[in-house]
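So the sequence lines, in the order shown, correspond to chains A and B. In case it helps, numbering that gives the first Met the number 0 puts the first sequence at residues 0 to 440. In case it helps, numbering that gives the first Met the number 0 puts the second sequence at residues 0 to 440. Okay, so here's the structure we're looking at.
Protein chains: 2
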Amino acid sequence: MRNFNIVIIGCGNVGGGTAKIIYDTSVELAKRAGNRQLKIERIITRHPQAAAKKYGLPIDLFCADADVLSNEDCEKYIQQSLQNPTVELIIETVGGSSVYIHDLHKRILKNGKHLVTANKAILAKHGYDIFEYAKNEQKAVGYEASVCGAIPLIKVVQDSFTGDIINTVSGIVNGTSNFVLSRMSNQGESFEEALQLAQRLGYAELNPELDINGMDAANKLKILVQLIYGIEARTQNFAVKGITTVWKEDFMVAKSIRSTVKQIAFATKQGNEVFAYVRPAIVPDSDFLHNISGATNAIKLNALYSGEHIFVGQGAGALETGSAVVSDVVFIAKHGFMKDFLAPVSPVQYKMANFSDYLSSYLLIIKTTDQPGVIGTVGTALGDTDINIENIAQSIISGPDWFLPVEVSKCSENKLQKAISLIRERKPLLIKDYKFLPIIG
Amino acid sequence: MRNFNIVIIGCGNVGGGTAKIIYDTSVELAKRAGNRQLKIERIITRHPQAAAKKYGLPIDLFCADADVLSNEDCEKYIQQSLQNPTVELIIETVGGSSVYIHDLHKRILKNGKHLVTANKAILAKHGYDIFEYAKNEQKAVGYEASVCGAIPLIKVVQDSFTGDIINTVSGIVNGTSNFVLSRMSNQGESFEEALQLAQRLGYAELNPELDINGMDAANKLKILVQLIYGIEARTQNFAVKGITTVWKEDFMVAKSIRSTVKQIAFATKQGNEVFAYVRPAIVPDSDFLHNISGATNAIKLNALYSGEHIFVGQGAGALETGSAVVSDVVFIAKHGFMKDFLAPVSPVQYKMANFSDYLSSYLLIIKTTDQPGVIGTVGTALGDTDINIENIAQSIISGPDWFLPVEVSKCSENKLQKAISLIRERKPLLIKDYKFLPIIG
């Protein structure tokens, strides 16, 4: 049986989980990889001993039996691996979207090695280039683990939805923000309390900025939109709102209409236009996303012929994400580079459109005070803007503030914005603050 | 662009939906198939005009512009297609598990054509042979549509779970029986009423025997177990109980413990043994399967590294199932025959074990009458058999019959059977009837 030699660069959570699975299941993997023995030639990381201990790996799998390596040392080991002709595939699990990582990807491919990565940040920035680059070098790029961890979305879109046309993608793709919102909703915790708990439980990074500002979810959505609609990720401009924009009163308002607030990634096509967002949205309790809590990820795909599909699984975790990385390695060991492996699945030239023009149902929440004529003024202004009201529920009273929830039928955010202007024109003191939350369903 | 010529044999629901998708989305498909133009060379069916009309297809796609063709005519057209060297792939959507179909599969492969089929009955019977046969002929067999229609389970197991080890598969894989049980549970309909409605709505065949006796679900489970654990489908002996064994009182009993009754397909491994069943089971309302109603299918996979995965989608329907057939065609047009494409993903020699020995939680329902000492006798007998009782709920009274629900901790069905014997020994008249329903969770 021939070996299939692998180098792993970066041994944090994902790299460690990946190495552990390859090391522990080599017999299974060899069989699945078309009788290639997957062999970790070397793991390159700055802290070999700590990583070996943490993931239960023999130290001789690592580039050196050392406590700490300098960047120069690591670079030297990387250089050796790139020049080692027996290495067929390199896994990059360093993370980050620096120029260094982008260059590293190119160096890996240029030196004739296949590339597997879980790095969504860099793929959202340079994925399109890297895929083109790989095509020219006749090498494969595996990136299953970059979107929703263990959920096999990339391969499913690439090879299972080829007999269909995906109209809409929506879901919960960031476990940290979902955990925080779940705690705020179910336990009534404040944003800060929930985030601190997420950090204590290891769900959130010590610097959870990309999770809470929505960029992590946006990176995943960009990769999916690129794959499904062929629009280069870097050029995708869509609105991204983080969970810091969620008021605690939003949950009370949402509950009053049998719903909750979730951080949702959404993309849909109409004609050749794609509308997308990442932002907090209203999820009715009849929707399956309502019950997705904690770090679990869930994606709904609506397709022209086969209708609705739901995929639920673990979006993070060392072994969970590692299993997706390993599935890429097995696939490449078995198939090598395959023409059009990376091609977007649609021949239509799609382009991004502005979600503000998209017709969605919304929950409009107006923060106001106890004063007469609020509902009349709001109702009239919406009517004057040709917006149909589905339901105006009772205001939620929170301290001196009243939060008026208004459900409106499908309309554009631009139109809602006009209605807000009209209200402000007519009653300058009525609106203290406001927000529009799209309603999922 | 080179053509990729396809012949479709059988133009019922699945064949018709498949032809419709290929015909309507040829530009999309060509791009996805690595620039091969998928071309329907011919559709062979006994009623060309009716099929053309029903699926909105031009009659010149069919083998003849005729109302009815004889079997001999069809066979002549099949023979022509087999001998046509420009045909690269043949789709069999005739259905049934006759020797004729098995021979047809072999003739297709022997004549150098790839085979795609949605036919679960024949694959559960002869799939293993056909895969071996195809390997020798260096041809591919696509069968994504044979298990759970549009849910991409086959490719997901083949190519996405290769970095993991699947411990358990469970789910709802027969839409008809699920529809019937949902109606019985939610609308209180009788079995006959619910089945007639399913037939009127087109969910159930006019002859729904394979749906209601569990064999359709069993065929799908056998194909999955063969794929996951490598045990030849034909040799798999596991217990199959149909939904005709469900009493209407089962739903009342289930509701009293916040659960319902669903027809469940289940397989799990312990060591190198695989335990499996298809039978009605108790699904607590906390389980996501609880809310899967109507013709929707849902599968839960529990894997060693990546934990729990859920897949939900449409398990039947012309276009839904057709989209899965087309994804196989695209895959094969792009990749052709691939070594080990069909190999089971595990090197372990698994064997089937008897589910009666498996430790599961059960709901024991004892049909009895209003008489003193029932709970005492039952409780003592279970205790004497070393079975732990989790809960004995109040009996459901239905006419002269009392239905006593007893939830027991993990134990084997064999042990439960012993407890029943003990009760009968001690109080011959106590048990009028009884059943054990495994509890999912």
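Each residue gets a CB set at the ideal place from its N, CA and C atoms; glycine is no exception.
- Within chain A, no residue has its CB atom less than 9 Å from the CB of leucine 88 of chain B, the nearest being about 13 Å off.
- Boundaries of the beta strand (DSSP E) harbouring aspartate 400 of chain A: 400-410, taken from the DSSP string.
- Between the alpha carbons of lysine 247 of chain B and leucine 88 of chain B lies a distance of about 48 Å.
- In the three-state scheme derived from DSSP, where H, G and I count as helix and E and B as strand, tyrosine 202 of chain A is classed as coil.
- Proximity of threonine 24 of chain A to chain B, defined by a Cβ-Cβ separation below 8 Å, is satisfied.
- The shortest CA-to-CA distance from phenylalanine 178 of chain B to any of B:Gln195, B:Ile395, B:Ile100 is the one to B:Gln195.
- For tyrosine 76 of chain A, the enclosing alpha helix (DSSP H) begins and ends at 70-82.
- A direct Cα-to-Cα measurement between alanine 280 of chain B and asparagine 173 of chain B gives close to 14 Å.
- Distance between glycine 148 of chain B and glycine 316 of chain B, taken at the CA atoms: about 8 Å.
- Below the 8 Å Cβ cutoff, chain A contributes no neighbours of glutamate 188 of chain B, its closest Cβ being approximately 23 Å away.
- Boundaries for threonine 259 of chain A: no alpha helix (DSSP H) harbours it, while the beta strand (DSSP E) harbouring it runs 258-269, taken from the DSSP string.
- The beta-carbon of leucine 56 of chain B is placed no less than 8 Å from the nearest beta-carbon of chain A.
- Within 8 Å of the CB of valine 155 of chain A, the CB atoms of chain B belong to Pro151, Lys154, Val155, Ser159, in sequence order along the chain.
- The beta carbons of alanine 352 of chain B and glutamate 272 of chain B sit about 4 Å from each other, so the pair counts as a contact at 8 Å.
- Under the DSSP assignment, glutamine 36 of chain B falls in the beta strand (DSSP E) whose first and last residues are 35-43.
- Under the Cβ distance rule, serine 305 of chain B counts among the residues neighbouring chain A, one pair being separated by less than 8 Å.
- In this structure, B:Leu429 is the residue among B:Phe3, B:Tyr304, B:Leu429, B:Lys112 with its C-alpha nearest to the C-alpha of glutamine 370 of chain B.
- In the DSSP secondary-structure assignment, lysine 299 of chain A is bridged to A:Ser169, A:Ile309.
- Taking a contact to require three or more Cβ pairs closer than 8 Å, the stretch 358-375 of chain A and the stretch 395-411 of chain A qualify as touching.
- Around valine 325 of chain A, the beta-carbon contacts reaching into chain B at under 9 Å are Thr161, Gly162, Asp163, Tyr304.
- Here valine 260 of chain B really is in contact with alanine 253 of chain B; their C-beta atoms are around 5 Å apart, less than 8 Å.
- Within a 10 Å sphere around the beta-carbon of glutamine 78 of chain B sit fewer than 16 other beta-carbons, which makes this residue exposed.
- At least one C-beta of chain A is nearer than 8 Å to the C-beta of isoleucine 309 of chain B.
- In terms of Cβ geometry, alanine 332 of chain B and leucine 37 of chain B form a close pair [threshold 8 Å].
- Taking a beta-carbon distance threshold of 8 Å, histidine 334 of chain B counts as an interface residue toward chain A.
- Nearest CB-CB separation between phenylalanine 178 of chain A and chain B: not below the 8 Å threshold.
- Nearest in C-alpha terms to isoleucine 386 of chain A, of all of A:Ser394, A:Gln393, A:Val377, A:Ala392, is A:Val377.
- Assignment of proline 47 of chain A by DSSP, reduced to helix, strand and coil, places it in the helix class.
- Here methionine 351 of chain A carries a strand assignment [DSSP, helix/strand/coil].
- Contact with chain A is found for isoleucine 20 of chain B, since one of that chain's Cβ atoms lies less than 8 Å from the residue's Cβ.
- Histidine 113 of chain A has A:Leu88 as its beta-bridge partners, per DSSP.
- The secondary-structure analysis by DSSP pairs valine 239 of chain B across a beta bridge with B:Val277.
- Contacts with chain A at 8 Å (Cβ-Cβ) include arginine 31 of chain B.
- Any Cβ of chain B closer than 8 Å to the Cβ of glycine 372 of chain A would place that residue at the interface, and such an atom is absent.
- Contact of leucine 403 of chain A with chain B is not assigned, every C-beta pair being separated by 8 Å or more.
- Membership of glutamate 248 of chain A in the alpha helix (DSSP H) is indicated by the continuous run 247-255.
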